[in-house]
Structures are given as C-alpha cells and as structure tokens.
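Report on the following structure.
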Amino acid sequence: MKVVPMKRNRWMMCSQKMNRAGHGKSKGMRARWLSAVAVIFCAAWGQRVEAADAAVFSAGAAKVAITPSMGMPIVGNWTRPTVSNIHDDLHVRCLALHDGKTTIAFAICDSVGIPREVYDAARKFIDAETDVPSANVLMSATHTHSGVSAGGSREVDGVLVLSPYQTLVARRIADGVGQAIARMQPARIGWGGVEEASEVHNRRWYVKDARLLSNPFGGVDQVRMNPPAGSSTLIEPAGPIDPEVSFLSVQTLDGKPLALLANYSLHYVGGVPAGDVSADYFGAFAEKIGKHLGVDPADQSQENTPFLGILTNGTSGDINNIPFKDGGPKHAPYEKIEQVSELIAKRVATAYQSITHHDWVPLTAASEELVLQMRKPDPEMLRYFASLQDEGRDPASIHRLSKNYAKRVQSLAEGPESTTVLLQAFGIGDLGVTAIPFEVFVETGLDLKERNPFADSFTIELANGSYGYLPTPRQHKLGGYETWMGTNRVQLDASERISEVLLSLLNKMSQK
C-alpha cells in the first residue's frame, strides 16, 4: 500500500511543485512556468495565513434522505425494474467549511446523475434561506446504478416544471446544506491520499475478435467496452487508471473526527438485485469509515455532532470494478460492495494517521459557464437509420442497440445546437478541487492532477449537471460505447476545452 500524504507546509509544497515541473513535454518551459506559479502561490498563502491569526476555521456536516417511493422505475441499466425493496437509504451528504470570510459547501447525492435544472432549483432555495452564495456550493451525484431517475422535467407554457422526485431532491439538497451550515463549529482540517489499484480497471479494451467491435451505426470500432472477462481475445486496455483515493478530513478542536470526504475514480460496484434501491459502495463507505477512524458509536447519537462519511466519484467514465484479464469469481448480491467499501475505508483510515490537520487554511471558490456545441448526425447517418425502417428490418438484427441509438440520434438532430455547462473549482489551502458535469474519462482527471498549480488535487464528476460521457479526443478516435453519438452528446474536443477552463480557474485562485 502506498500512502500519499498531504504536503506538510507551503515550503514543502513549493519544492515538490518545482520538482514536478520537470515531467512531460516542453520540460524547460513548463518547469519555469510552474516554478513561477508555485512561488507566487506560496507567498500568497503565507501572507494569508499570517493575516488570519485571529480567524477561526469552522466546519459542519449533515445528511438528509432522498430515498424514492416504492414502485418508481430504477435507472442505470437498459431495463427499468420498479422499486420493490429498499436495501439501504439514499442520501444527500453535505459538508460546509468556513475560514472566517468565505464559506464553501459540498452536497453529494446518491443518484445516477442529476440534471442541472434540479441543482439550479436547489441553488434558489439556498440563496433564499442562507447567507452562503449558492455559487460556493458544489453539488454532485455519486452515480449509483440502483436509484431512480432525477430527470423528468417538462415544459408547461414555456416554463420548466420539475417532477415530484426532482422537487424532493432539490429541496433536500438545500435542507442538507442549510443544516451543515447551522452545525458549523470550530474545526481543524487536513487532506491526503492513498493508492489502491486493485479495485479500478479500465473497461475499454483492444480485442482480437472483430465481432466484438460492431457498433449501432453499422460500423466497426477499435476498442470494446466491457469485453468478455477472462477471454483469450483480450489484448490490452485502451487507457490508464487512477489508483488514488483522495480525502479531505475535518475534526473538532479536541481531535474528534467530524467528517471525511473521499474521492475515488471507480464508476460504481453493483451486484444489486433488480428492484433494490441502494447507494452502492458510496453509501457503504460512508457508513464504514467512521468505525475505522475510531468514532465512538455513542457520539453518533448526539444530534449536533454526528460524524459524517462521504464518498464522491472521481474521473471514472472508463473505469469499473471488473478484472477483465483474469476474470474473477462470482459474488453474492452486495458481497463485492461490502468488500470494496471495507478495503477503501481501511486504506483511508491508515493514510489518515499520516496527515496533518491545520487550525486554519484559506478557502476560495470560482466557477465559469462554458458553451459547448451539441453533436449532430450527418445525412449519411440519418439515411442509415431510415433505411433500416424502409427495408422493414429489425434494427436489433444489425446490433442489439441500434433501435435505442436511432432514437438518440434523432433526438440530437431535433435538439438544440448548443448547451451551457457549469464548471467549478475550490481551493482549500493547497488542495484544489474541480467539478465537471460529465462522466469523465480518467485521462482527463490525471491530466488535471498533473497540470494544476495546487500541491494536491482531485476532480468530482457528475457535478452541477449530468450531460453524458466525456471521452478525450484520442478515445473518440477509437470508438466504443462511451464515444457513440447519443452516449456522448457534445463536441469531440469538449474534454480539452473543459480542462483549460478549470486550469485557468485554479491558476487564478492560486494567486489570490
């Protein structure tokens, strides 16, 4: 196990950032640029720490339930069984931080994905009911595949109307953030990370068997998502993994754990029976981590100071839990969820012992909206799907998903030309956190970790919206499920444009 500790102080951060500048292409130029940024950042943070001697850092945490009603359809797969059993409740888990001047908050929801209009509704409640600007609240979905849809809004007389469940989620997000703010108390904060590569596998593979590479558009891809595990046709994965479990910890002034927010780039675990509602391993980790940190169960009954665990999804658009090369044993329902959540909780608890908790760090927040062009089918693609109907052929005879993608392509053809997405960044001392409203490929997350000016960083995906998959341009060229039009809906270089905006935000924040 490799422990990745937080950087101990601003002078260590400067040295490490300068050393890191030597990696990659354009080494000399990049080294000079990053070294300059590091010096500016270190000096700025040092001045802020000295000026904040009288400031009190505080934190608060809360969770509220968003468990759906029985009979609602469960989303996350190609079929939609209705809810017949609540295995474990779904929640919004919230953490609020205040440095004496600026307040930021996280609201992490057990959902496969939440559209922006729901988050926007929650922001209106937060703006009306708290003194914290809703722009300083990062909202995201964990991507559990055993919850119900948070979509379903519709236009009525030109006004967007939320579904009852969407309204519930928006209301509960605001309730959770409000409670976390109300529970803020003097606190100390630290962060770090630990590597655990055994539970993350790139799910896109080069394979020998061309029959595995057909797509719904009548073509042949270069890679296959989720090929047969243990098959002799497997060659190698088409991309990397990110093994790091990053985490942010807050504790009371006397050293009791108050909350821990972790981040791991694993899509989800699954193994949930049809009809069951579950927060997947995200919820299981949240329930286990307190025990491994030594939280006294008696403290959990104290209304104002219960410990809260949170697990966010990193950049896992092409990552899952299946060891494709070797296959693996079959598991009973929930068995793998228990195994993964227990392992990750233990790893984090061990790394937790190596981090330093600070009495005060500066907080910053920034966001920017970015307009992205929507993908549109060309005439040839439209003719292809039309020909399947004209010839009376069952699209499923061409590819089992051709019918689904005929509908998705038509929807894109008839839809808007562009969409506007919200990108967000937090600075917590020398920790940078970025938020992207897509299922982000791991290459993007690794690139952001490498190129940003902060000493430590991580990205939360499916944040402030849910717009589908976000492959890199390189992965678009290889094809595969995540790149198909309708699975991915925005321009092919969107990942690069998003990264540049976020890096710009982080660079500006690091110089404040």
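The numbers in full-length UniProt numbering rise by one with no breaks, and the one at position 251 of the sequence shown is 251. Here a beta-carbon is modelled for each residue, glycine too, at the ideal position from N, C-alpha and C.
* To do: Less than 8 Å between the CB atoms is what I'm expecting for Glu461 and Phe426, so what's the real figure, rounded?
  => By one-based count along the sequence shown, residue 461 stands at place 461. By one-based count along the sequence shown, residue 426 stands at place 426. No, Glu461 and Phe426 are not in contact; Cβ-Cβ is about 15 Å, not under 8 Å.
* Buried or exposed: Val220, going by 16 or more other Cβ atoms within 10 Å of its Cβ? -> Residue numbering aside, residue 220 sits at position 220 when the sequence shown is read from its first letter. Note on Val220: under 16 other CB atoms within 10 angstroms of its CB, so exposed under the neighbour-count rule.
* To do: Helix, strand or coil for Asn263, going by three-state DSSP, please let me know.
  => For the purposes of this step, residue 263 is identified with residue 263 of the sequence shown, where counting begins at 1. Three-state DSSP puts Asn263 in a strand.
* Asked: In the structure shown, what three-state DSSP assignment does Ser134 receive?
  -> As a working note, residue 134 is residue 134 in the sequence shown. Ser134 carries a helical assignment under DSSP once its states are collapsed to helix, strand and coil.
* **Cβ-Cβ separation, Ala238 to Ile173 (assumed contact under 8 Å), whole Å** => For the purposes of this step, residue 173 is taken as residue 173 along the sequence shown, with counting starting at 1. For the purposes of this step, residue 238 is taken as residue 238 along the sequence shown, with counting starting at 1. In this structure Ile173 is not in contact with Ala238, their Cβ atoms being roughly 36 Å apart against a cut-off of 8 Å.
* With DSSP collapsed to three states, give me the class of Gln185. => Here residue 185 refers to the residue found at position 185 of the sequence shown. Three-state DSSP puts Gln185 in a strand.
* To do: Could you tell me the distance, in whole angstroms, from the CA atom of Pro73 to the CA atom of Ala182?
  => By 1-based counting over the sequence shown, the position of residue 73 is 73. By 1-based counting over the sequence shown, the position of residue 182 is 182. Straight-line Cα distance between these residues: approximately 35 Å.
* Provide the residue(s) that pair with Gln373 in DSSP beta bridges, ordered along the chain. => Taking the first residue of the sequence shown as position 1, residue 373 is located at position 373. As computed with DSSP, Gln373 is found in a beta bridge with Ser418.
* **Length of the line joining the Cα atoms of Thr434 and His91** => By 1-based counting over the sequence shown, the position of residue 434 is 434. By 1-based counting over the sequence shown, the position of residue 91 is 91. So the alpha carbons of these two residues sit roughly 22 Å apart.
* Given a cut-off of 8 Å, decide if Asp242 and Val442 are closer than it, judged by their beta-carbon atoms. => In the sequence shown, residue 442 corresponds to position 442, counting from 1. In the sequence shown, residue 242 corresponds to position 242, counting from 1. It is a contact, given that the beta carbons lie within the stated cut-off.
* At which residue ranges does the region 151–215 contain complete beta strand (DSSP E) runs of 3 or more residues, listed in the order of the chain? -> You should have 154–156, 159–161, 185–195 and 204–207.
* Whole-angstrom Cβ separation of Ser149 and Leu160, contact assumed at under 8 Å? -> If you number the sequence shown from 1, residue 149 lands on position 149. If you number the sequence shown from 1, residue 160 lands on position 160. Not confirmed; about 16 Å, so no contact.
* Asked: According to the neighbour-count rule (16 or more other Cβ atoms, all chains shown, within 10 Å of its Cβ), is Ala21 buried or exposed?
  -> Taking the first residue of the sequence shown as 1, we reach residue 21 at position 21. Reliability fails at Ala21, whose pLDDT of 34 lies under 50, so the model's placement of it is uncertain and the value that follows must be treated cautiously. Per the 10 Å Cβ criterion, buried.
* Asked: For Val501 versus Leu423, is the C-beta distance shorter than 8 Å?
  -> Sequence index remark: in the sequence shown, residue 501 carries index 501 (1-based). Sequence index remark: in the sequence shown, residue 423 carries index 423 (1-based). It is a contact, given that the beta carbons lie within the stated cut-off.
* Own chain residues within Cβ distance below 6 Å of Val3, not counting five before or after -> Along the sequence shown, one-based indexing puts residue 3 at 3. Reliability fails at Val3, whose pLDDT of 43 lies under 50, so the model's placement of it is uncertain and the value that follows must be treated cautiously. These residues qualify, in order along the chain: Val194, Ala351 and Ser354.
* Residues near Lys325 by beta carbon distance below 7 Å, same chain, minus five either side -> Reading the sequence shown from its first residue, position 325 is the one you call residue 325. Closer than 7 Å at the Cβ level, and outside the excluded window around Lys325, lie Leu234.
* To do: Below 7 Å CB to CB, which residues in the same chain sit around Thr315 once its five sequence neighbours on both sides are set aside?
  => For the purposes of this step, residue 315 is taken as the residue at position 315 of the sequence shown. Correct list, in chain order: Asp242, Ser265, Val440, Phe441, Val442, Thr444, Gly445, Thr459 and Glu461.
* Distance, Cα to Cα, Ala406 vs Ala298? -> Residue numbering aside, residue 406 sits at position 406 when the sequence shown is read from its first letter. Residue numbering aside, residue 298 sits at position 298 when the sequence shown is read from its first letter. Per the coordinates, the alpha-carbon of Ala406 lies some 56 Å from the alpha-carbon of Ala298.
* Coil, strand or helix - Ile355 by DSSP -> Taking the first residue of the sequence shown as 1, we reach residue 355 at position 355. Three-state result, Ile355: coil.
* Asked: Nearest-angstrom Cα distance between Leu311 and Lys288?
  -> Position 311 of the sequence shown, counted from the first residue, corresponds to residue 311. Position 288 of the sequence shown, counted from the first residue, corresponds to residue 288. Rounded to whole angstroms, Leu311 to Lys288 spans 11 Å at the Cα level.
* To do: Would you kindly work out how many angstroms separate the C-alpha atoms of residue 526 and Arg347, rounded to a whole number?
  => Absent from the structure is residue 526, since the part of the chain shown begins at 1 and ends at 512.
* Alpha carbon to alpha carbon, how far is Leu248 from Ile189? Give it in angstroms, no decimals. => As a position in the sequence shown, residue 189 is number 189, starting the count at 1. As a position in the sequence shown, residue 248 is number 248, starting the count at 1. If you take the alpha carbons of Ile189 and Leu248, they lie about 7 Å apart.
* If you run the structure through DSSP and keep just helix, strand and coil, what is Ala31? -> As a first step, residue 31 must be located in the sequence shown, where it is residue number 31. Note that Ala31 scores a pLDDT of 44, beneath 50, so its modelled location is shaky; the value from the coordinates is reported in the next line. DSSP places Ala31 in the helix class (H, G or I) of the three-state scheme.
* Asked: What number of angstroms, rounded off, separates the C-alpha of Lys101 from the C-alpha of Asp359?
  -> Along the sequence shown, read from residue 1 onward, the residue named residue 101 stands at position 101. Along the sequence shown, read from residue 1 onward, the residue named residue 359 stands at position 359. Answer to the nearest angstrom: the Cα atoms are 15 Å apart.
* Thinking C-alpha only, which one of Ala286, Gly328, Pro257 and Ala141 is nearest Gly230? -> For the purposes of this step, residue 230 is taken as the residue at position 230 of the sequence shown. Nearest of Ala286, Gly328, Pro257 and Ala141 to Gly230, Cα basis: Gly328.
* Asked: Under the DSSP definition of a beta bridge, which residues are partnered with Leu234?
  -> Position 234 of the sequence shown, counted from the first residue, corresponds to residue 234. For Leu234, which the question treats as bridged, DSSP gives the partners Val207.
* For Lys512, three-class secondary structure by DSSP -> Counted from its first residue, the sequence shown places residue 512 at position 512. Residue state, collapsed to three classes: coil.
* Helix, strand or coil for Gly239, going by three-state DSSP, please let me know. => On the sequence shown, position 239 is the one that residue 239 refers to. It is coil, neither helix nor strand.
* Alpha carbon of Ser387 to alpha carbon of Gln222, nearest angstrom -> The sequence position of residue 387 within the sequence shown is 387, counting from 1. The sequence position of residue 222 within the sequence shown is 222, counting from 1. Between the alpha carbons of Ser387 and Gln222 lies a gap of roughly 25 Å.
* **Residue burial classification, residue 583 (beta-carbon count within 10 angstroms, cutoff 16)** => For the chain, the structure presents residues 1 to 512; residue 583 sits outside this window and is missing.
* Local Cβ density within 10 Å of Thr79, reported as buried at 16 or more and exposed below that -> Residue 79 sits at position 79 when you count from the first residue of the sequence shown. Sixteen is the threshold: since fewer than 16 other Cβ atoms of the shown chains lie within 10 Å of the Cβ of Thr79, the residue is exposed.
* How is Met225 classed by DSSP in three states: helix, strand or coil? -> As a first step, residue 225 must be located in the sequence shown, where it is residue number 225. In this structure, DSSP gives Met225 an extended state, which the three-state scheme calls strand.
* Where does the unbroken alpha helix (DSSP H) through Tyr289 begin, and where does it stop? -> Along the sequence shown, read from residue 1 onward, the residue named residue 289 stands at position 289. The displayed chain sequence assigns Ile, not Tyr, to residue 289. Looking at the DSSP string, the run of the alpha helix (DSSP H) that includes Ile289 is Asp280 to His292.
* Asked: Rounded to a whole number of angstroms, what is the C-alpha to C-alpha distance between Gly468 and Ala54?
  -> As a working mapping, residue 468 is identified with position 468 in the sequence shown. As a working mapping, residue 54 is identified with position 54 in the sequence shown. Taking C-alpha positions only, Gly468 is separated from Ala54 by approximately 45 Å.
* Asked: How close, in whole Å, do the beta carbons of Tyr384 and Gly218 come, if the pair is a contact with beta carbons under 8 Å?
  -> Here residue 384 corresponds to residue number 384 of the sequence shown, with the count starting at 1. Here residue 218 corresponds to residue number 218 of the sequence shown, with the count starting at 1. Taking the Cβ atoms as the reference, Tyr384 lies roughly 6 Å from Gly218, within the contact range of under 8 Å.
* Sort Leu261, Pro416, Ser397 and Glu482 by Cα distance to residue 515 and report the nearest one. => The chain is shown from 1 up to 512; residue 515 falls before or after that span and cannot be answered.
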